[in-house]
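In the numbering used here, the protein residues as written are 14 to 650. Glycine residues also receive a C-beta, built at the ideal position from the N, C-alpha and C atoms. Model, not experiment: these values are computed from the prediction. Scroll down for the structure; my scribbles are underneath it.
Quick look at the structure:
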């Protein structure tokens, strides 16, 4: 039974002739404030007591509040009847704006908390929220955001900068008189009643298109090493576990819709029995993943209050044998004629559509965040603690079943219908959002392994850590005090240990070619940095486009211990002009095209203009210095 209250005073109850209204209709929809429309006759004692934008309207079902909001329109007609339109509490977030601000390195929880705190500073207590559960994560590996705000309303900021980009669902929740706003990645509760064709399912929407449905599928698994037809690829099939037949079918769907067959591939499945199990589930559930149903159905709670009522964001099982449908759908919209609840309609399921612009924006956000963000580990860890507390405290529903060999904590009281499950047995414990059989996205197993999308800790200590880079396909490995970089083939590139960086060869895996290290000394003024190479060492300026780069000017120590300094023309990668070539015993000084040998015990110094004229040179022979002009001896100094 539904009741309506205005400022905690009774406005409507079905059994009263005084507290009555005309055609009340409540609309509830995910990520929307929802609305209530009704007409109040002049005989209702509260007809003239409603204050626009101030009065609080509440709708209760069996003494449980299912919606609350405020009056935005109150129009009085010729018969003195008040036509009322109300919007839900989520619309309070339209009453504040977010000032211009730039956010770096901020988790979803922290960003959401900032927006709500800023909203609460600007509004009155009855418009305020407290942040509750947040289970949505950012799309990058650091789980951080890069965002701006610029005078938009708080609700618009939340939708544009979080929901539209990351997905998820906003939920208003009341507990102990406090209004919480949750931001959920998925539905957290499964309704224990079902919507079933021929029982309480009255009609599918006309948009339900049977041509999108297969009544039979041929499952194909992993490729086989050989094929009976050389030109074709053979795959794992289910004949060996399916009475020699390569397909499975829905008998009721075939009878109603005819034979509609499709092939479905699972490239990583090698076992026929596993392939058949996946195919059966696909035929009943997975092919309907993107299907949105608009249905007319009877909420059985209105006939029997011992049956759990259907709520927004519930997962509910839909069974329609004529369509081969047996799957859980999320309740994303409810339209309830409060005086005729048997005519309620539901929208089940939702399909997320992302435009090309949205996709590019997400990619840019991810790259900018990876490049520019620096981490505040203390803040991220505190956010994680607060969020974990809210998630655990906010889980007000659940069922515990203790079996002989395991414990199940589920969103329903039946393991066959449960979707969100914690399962604990001798093998370990894990969480699944796909039922008791998994897969388990979060788990700790008896062999010491931890499976998780994100691990946040103040200190993460261990022997070895491997971090993979999705952009370059390489990875970084730490082992003890050593950090190593690897390319996508596993070859080591750099090795960081203590105060040394060792460089490895491109072409010969594992071959060390040089290192950079500190040169230690007890005298602090003699501390130095050393650069060494096991073969030739080259230093130079790299110029040119990425596809055709070369070294313009360089200095090289060759394998035979010769020092060479050369210059290249800026527009050429041809042979350059040497400025110095020197070995341990002798060398050549080259200036303006004139070469002068230097050696022991004779050392020559020369000044030349490059044309062979007006050249002055000096020769040191160990005990005297001789001067020459244009090659002619002048005197001894």
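Residue environment, residue i, which counts as buried when at least 16 other CB atoms sit within 10 Å
| i | result |
| --- | --- |
| residue 585 | Because residue 585 carries a pLDDT of 44, less than 50, the predicted location of this residue cannot be relied on, and the following value inherits that uncertainty. When all chains shown are included, residue 585 counts as exposed. |
| residue 164 | exposed |
| residue 43 | buried |
| residue 28 | exposed |
| residue 168 | buried |
| residue 517 | buried |
| residue 357 | buried |
| residue 56 | exposed |
| residue 637 | exposed |
| residue 343 | buried |
| residue 232 | buried |
| residue 436 | buried |
| residue 251 | buried |
| residue 415 | exposed |
| residue 512 | exposed |
| residue 462 | exposed |
| residue 188 | exposed |
| residue 257 | exposed |
| residue 249 | buried |
| residue 372 | Since pLDDT at residue 372 reaches only 36, below the 50 mark, its modelled position is unreliable, and the value read off the structure follows with that caveat. So residue 372 counts as exposed. |
Beta carbon of residue i nearer than 8 angstroms to that of residue j
| i | j | result |
| --- | --- | --- |
| residue 525 | residue 532 | no |
| residue 69 | residue 108 | no |
| residue 253 | residue 247 | no |
| residue 210 | residue 64 | no |
| residue 212 | residue 341 | no |
| residue 17 | residue 72 | yes |
| residue 718 | residue 230 | Because the chain here runs from 14 to 650, residue 718 falls outside it and cannot be looked at. |
| residue 418 | residue 438 | yes |
| residue 142 | residue 133 | yes |
| residue 99 | residue 49 | yes |
| residue 46 | residue 103 | yes |
| residue 166 | residue 106 | yes |
| residue 315 | residue 207 | no |
| residue 157 | residue 120 | yes |
| residue 195 | residue 145 | yes |
Cβ distance (whole Å) where residue i is taken to contact residue j below 8 angstroms
| i | j | result |
| --- | --- | --- |
| residue 291 | residue 282 | 7 angstroms |
| residue 255 | residue 426 | Residue 255 to residue 426, Cβ: 33 angstroms. No contact. |
| residue 448 | residue 434 | 6 angstroms |
| residue 453 | residue 443 | 3 angstroms |
| residue 309 | residue 41 | The pair is not a contact, with the Cβ atoms about 16 angstroms apart (cut-off 8 angstroms). |
| residue 495 | residue 508 | 7 angstroms |
| residue 200 | residue 328 | 5 angstroms |
| residue 455 | residue 465 | 5 angstroms |
Spatially closest choice to residue i from the options, by CA coordinates
| i | options | result |
| --- | --- | --- |
| residue 54 | 71, 324 and 36 | 36 |
| residue 118 | 103, 149 and 159 | 159 |
| residue 235 | 203, 285, 194 and 500 | 285 |
| residue 662 | 100, 124, 142 and 202 | Outside the shown range of the chain (14 to 650) lies residue 662, about which nothing can therefore be said. |
| residue 162 | 523, 296 and 127 | 127 |
| residue 326 | 315, 185 and 509 | 185 |
| residue 514 | 487, 272, 207 and 544 | 544 |
| residue 307 | 503, 287 and 360 | 360 |
| residue 423 | 193, 19, 78 and 203 | 203 |
| residue 67 | 20, 77 and 91 | 20 |
| residue 277 | 226, 641 and 192 | 226 |
| residue 351 | 321, 172, 429 and 311 | 311 |
Same chain only: Cβ atoms within 7 angstroms of residue i, ignoring 5 sequence neighbours per side
| i | result |
| --- | --- |
| residue 22 | 59 |
| residue 75 | 14 and 318 |
| residue 26 | 16 and 32 |
| residue 523 | 505 and 517 |
Proximal residues to residue i (C-beta, below 6 angstroms), its chain only, five neighbours per side dropped
| i | result |
| --- | --- |
| residue 148 | 197 and 198 |
| residue 237 | 247 |
| residue 94 | 52 and 54 |
| residue 267 | 228 |
| residue 546 | 527 |
| residue 339 | 297 and 332 |
| residue 349 | 39 and 357 |
| residue 114 | 162 |
| residue 451 | 445 |
| residue 192 | 142 |
C-beta neighbour in chain B for residue i, strict 8 angstroms
| i | result |
| --- | --- |
| residue 501 | Considering every chain present, this structure includes no chain B. It has just one protein chain. |
Close beta carbons around residue i, own chain, < 8 angstroms, minus the five adjacent residues each side
| i | result |
| --- | --- |
| residue 89 | 95 and 96 |
| residue 289 | 232, 251, 254, 255 and 261 |
| residue 324 | 79, 202, 204 and 344 |
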